[in-house]
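Data block below; observations after.
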Amino acid sequence: MLILVCIGIFLFSSQPGVESTKLASNLFIRKLGHFSEYVILGFFAFAYFSSIFQIGKEKIQFKTTLFTSFLFCFSYAVSDEFHQTFVIGRDGNFIDVLIDSGGVLFGIIISIILFFVKILKKK
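Residue numbers (the working numbering): 1430 to 1552.
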């Protein structure tokens, strides 16, 4: 699922500026789109890396999972903005990386909450 989210973000970023503006002409809506797609990326990144850094059935290496998830998503956001510099009518913007990173953190928090709720239900 993580790869599908990355592909979706890449496809949205590949749209020329004119097409992107047609989808969302309001600046707030466009920035909300950035935030939202990275909430989803952060959520699935934490879920994926928690399965990699799993110690037992209900334990994960929390700090490693958190750090790796955020680093992966932040790197993807930076590469996505770099990619946009090659798309007609688009440009890379560090503010968007910050918005994306906020979305990532929110998605990771949601994933963490659901992870702990799942553990508490089992007990």
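Backbone N, C-alpha and C define an ideal beta-carbon position, used for all residues, glycine too.
{"Query": "Between the CA atoms of Ile1538 and Lys1547 - distance to the nearest angstrom", "Result": "14 Å"}
{"Query": "Contacting residues, own chain, Cβ-Cβ under 8 Å from Phe1439 (five flanking each side not counted)", "Result": "Asp1509, His1512"}
{"Query": "Three-way DSSP call (helix, strand, coil) for Gln1483 in this model", "Result": "strand"}
{"Query": "Under the three-state DSSP convention, the category Ile1517 falls into", "Result": "coil"}
{"Query": "8 Å CB neighbourhood of Ser1465 in its chain, flanking five on each side removed", "Result": "Gly1532"}
{"Query": "Contacts around Val1434, its chain only, beta-carbon distance under 8 Å, and the 5 residues preceding and following it disregarded", "Result": "Glu1466, Ile1469, Leu1470, Phe1473"}
{"Query": "Ser1530 and Phe1491 closer than 9 Å at C-beta", "Result": "no"}
{"Query": "Beta-carbon contacts of Ile1489 that lie in its chain and below 7 Å, excluding the five residues immediately before and after", "Result": "Ser1479, Phe1482, Gln1483"}
{"Query": "Whole-angstrom C-beta distance between Phe1475 and Ile1541, which should lie under 8 Å", "Result": "7 Å"}
{"Query": "Among Phe1515, Gly1536, Gly1446, Val1516, nearest to Leu1495 - alpha-carbon criterion", "Result": "Gly1536"}
{"Query": "Enclosing alpha helix (DSSP H) for Ile1438 [first to last residue]", "Result": "1431-1442"}
{"Query": "Residue burial classification, Phe1523 (beta-carbon count within 10 angstroms, cutoff 16)", "Result": "exposed"}
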